[in-house]
Amino acid sequence: MNPSVAVIGTVFVDCKGFANETYHSSSRNLGTIQFVHGGVGRNVVENIARIGLNTTFVSSYDLNGVGKEVATRLQEIGVNVQYLQGVDEGGMGMWLAILDEQGDLAGSISQMPDLKHLAQVIKASGEELVQACTHLVLELDLNEAISRRVIALAKQHNKPVYGIPGNLDVVANHPDLLNTLECFICNHHEAGKLLGADLTLMQPQEMLPLLKKLVDSNTMRSMVITLGEQGCIFYDSATGESGHQPAELVRMIDSTGAGDAFFSGTVSGLVQGLSLSTAVLCGTKVAGWTIESAESTCPTLGDKVREDEFFRGFK
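For the sequence shown, the positions run 18 to 332 when my numbering is used.
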C-alpha cells in the first residue's frame, strides 16, 4: 500500500523582515519585508506533497483573500483539503519574524489561531480521517485535548504518529504524549527543556546517551534532535540504530523553515520504510534546499527530489 499521510496542524501567515546589513535590535534596519504562507502543519504537508506522497491536511483557515490562497496552493500540488475548514475569523495564526543579515532568526512574535475550529473538525471527522490514512503527523502543541484525541484514535486504529513540537508548551507539561509516538523530532533547545539540561555546548556524541535515555524512558520508538549547523543525532529503540548525521553545506537565505523541512523529509523516508539513519539524510537534504529559499518551503522541492541521485535510488 502506498503511504497516505494525514497532517494535523496549523496555518499561519508569516510576515518576514530581511535585514540588508548588520541587524541592530534597538534601531532602524533597512531591508525587505515579505508575506508568505506558513504554519508548522501547513509547511509540513506542502513539503511532503512536493516530495511526492499522498497527503491530507487537517486544519482551519480564514475565508479571506490570503486564506483562500493557502487552500488553493495546497490543492494545486495535490494535497487533499477535505478536512481544511474555512471560517470567517480565527482560522489562521500570524508570525512576525526578523532575520538578520545572515538569514538567521533574530526575533519573532506568534499569534495562534483559535483552535476551537480545528477541535470541531477532529470531533466531527477524526475517526474517518484516521481510518483513511496510513500514517499521521501531529503538531503536538496545539492543545492537550486535540493531541490526546488524535493519539487515542491512532492507537485504536493502529496508525503510527510522528510528532513535531510547536512552542513546546503542551509537551513540556504533558510529556506522556510522547509515549506512543513512532518518532519525535525537535531541536536541541527543545530537547534541552525536556531533559532539563543545556545541550548548547555539548558535542553530538555527548548528547547521544541523553537522547537514548529520553526515548527509552518515554517508551516512544525513535527520536531525532536537530543541531543546526552540526546536523542531527538520532536513535531508534526498536533497532538500536543511533548516530550523528552532519549537515550539508548550503547558501543560507532564510533558516526559518529548516526544522519543518527536515521533519518532512525524515518522515517521508520513514513512511516509505527507510531506516532512521537513511531517513535523516532525506531530511538533511530537504532542509538544505529549503534554507536556500526565501519562503518557508521550497517551491522547487519536487524538481530537486526528482533530480537528486540519492532520492532516485529509493523511489
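Ideal placement from N, C-alpha and C gives every residue a C-beta, glycine not left out. Bear in mind that the values here come from a model prediction, so they are computed numbers and not experimental data.
Annotated three-state conformation of residue 149 is helix, per DSSP. When the beta-carbon positions are compared, residue 278 and residue 71 stay at least 8 Å from each other.
In the assembly as shown, residue 31 is a buried residue. Its beta-carbon has 16 or more other beta-carbons within 10 Å.
Burial check for residue 256: the Cβ neighbour count within 10 Å stays below 16, so the residue is exposed.
The shortest C-alpha to C-alpha distance from residue 232 to any of 221, 214, 251 is the one to 251. Under the DSSP assignment, residue 114 falls in the beta strand (DSSP E) whose first and last residues are 110–116.
Between residue 58 and residue 26 the beta-carbon gap is near 2 Å, inside 8 Å, which marks them as a contact. Closest in alpha carbon position to residue 19, among 157, 288, 110, is 288. Counting C-beta atoms within 10 angstroms of its own C-beta, residue 162 has fewer than 16 neighbours from the protein chains shown and is therefore classed as exposed. The stretch 95–107 makes contact with the stretch 130–140: 3 or more CB pairs, one atom from each, lie closer than 8 Å. Under the three-state reduction of DSSP output, residue 168 falls in the helix class. With fewer than 16 other beta carbons inside 10 angstroms of its own, residue 220 counts as exposed. According to the DSSP assignment, residue 262 belongs to the beta strand (DSSP E) that extends over 259–262.
In this structure, residue 244 places its C-beta atom within 8 Å of the C-beta atom of residue 205.
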